[in-house]
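In the working numbering, the protein residues as written are 288 to 487.
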Amino acid sequence: MRRNFDAMKRDGARHSARFWLQTAAIVLAVLNLAALYLYIDPPGGSRRQLLAEQQQIAEQTAAGRAKTLHLKGTAKKVQLGSSESSEFEAKYFLPQRAAYQDVIAEIQRMGSASGLTEREAAFTEQPIEGAPDLSLLNVVAAFRGTYDNLMHFFLEADHSPALLMIDAVQAAPRENSPQINTTIRFQAIVQTGSGKKGLP
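Following this line, the structure appears as structure tokens:
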């Protein structure tokens with residue numbers, strides 16, 4: 288009877304050991320399968336995918352930095368252009384209240400410096416399209432002098448501190464005289480409502 292009990296006890300121990308071995312094998316198989324799945328298709332993406340995403344992010348960051356630098360450069364250029372534009376206007380655009388007087392004085396100065404004699408002058412003013420605060424002052428002046436005087440006058444006009452543009456020139460020799468009659472059309476930009484001073 289005791290022999291039978293011992294045999295049953297051994298059989299139970301074998302069954303228990305087999306059960307735990309099978310359970311351990313199943314658990315190991317499940318863990319291996321889980322590890323294999325995580326290796327093949329990890330939740331955050333494969334190593335190759337992560338590297339590709341990292342490279343893409345780096346490229347986007349570099350492009351963003353380049354765009355930022357470009358925008359900063361453009362902003363500086365716009366600011367510089369605005370500043371230079373304001374300086375140009377302040378220096379060369381004539382205030383309306385002093386435009387006629389300043390233009391006449393500058394034309395007389397250039398004529399006197401070059402030896403040309405001024406005979407008469409006519410003024411007209413017309414608006415500039417797209418610039419409601421600016422107008423174009425047209426001055427047609429007649430002179431008398433030699434060809435050399437006229438060339439000297441052009442040199443004076445080229446070095447004038449005023450933005451007094453020569454738009455048209457007509458010259459005709461005088462009969463039995465070395466002198467010529469010259470008609471010159473000047474143009475200047477007038478700024479309305481300005482508190483600026485006259486010509487520099």
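Positions of the beta carbon are idealized from the N, C-alpha and C atoms, including for glycine.
Taking the Cα positions, residue 362 is about 18 Å away from residue 350. Secondary structure at residue 309: helix, using DSSP grouped into helix, strand and coil.
Each residue's CA atom was taken as its position, placing residue 473 and residue 381 some 14 Å apart.
The stretch 397 to 404 makes contact with the stretch 426 to 435, as at least three CB pairs between them are under 8 Å. If you compare the alpha carbons of 469, 307, 420 and 393 with that of residue 448, the shortest gap goes to 393.
Around the C-beta of residue 353, fewer than 16 other C-beta atoms lie within 10 Å, and the residue is accordingly described as exposed. Judged by DSSP secondary structure, residue 430 falls outside any alpha helix (DSSP H) and instead within the beta strand (DSSP E) spanning 418 to 432. Put simply, of 347, 456 and 420 the residue whose alpha carbon is nearest the alpha carbon of residue 479 is 420.
For residue 452, the pairing in a beta bridge is given by DSSP as 474. If you ignore the 5 residues before and after residue 459, its C-beta comes within less than 7 Å of the C-beta of 467 and 468, all in its own chain and listed in chain order. By the Cβ-count criterion, residue 422 is buried, with 16 or more other Cβ atoms from all chains shown falling within 10 Å of its own Cβ. When the five nearest sequence neighbours on each side are left out, the beta carbons in the same chain lying within less than 7 Å of the beta carbon of residue 453 are those of 444, 471 and 473, in order along the chain. If you draw a straight line from the Cα of residue 355 to the Cα of residue 341, it is about 21 Å long. The three-state secondary structure of residue 468, taken from DSSP, is strand. Beta-carbon to beta-carbon, residue 386 and residue 477 are separated by about 5 Å, close enough to satisfy the 8 Å threshold. When DSSP states are grouped into helix, strand and coil, residue 403 belongs to the coil group. Spatial neighbours of residue 439 in its own chain (CB-CB distance under 6 Å, excluding positions within 5 residues in sequence) are listed in chain order as 401. Counting C-beta atoms within 10 angstroms of its own C-beta, residue 426 has 16 or more neighbours from the protein chains shown and is therefore classed as buried. Taking the C-beta atoms as reference points, residue 475 is found nearer than 7 Å to residue 451. In terms of Cα proximity to residue 412, the closest of 364, 383, 435 and 313 is 383.
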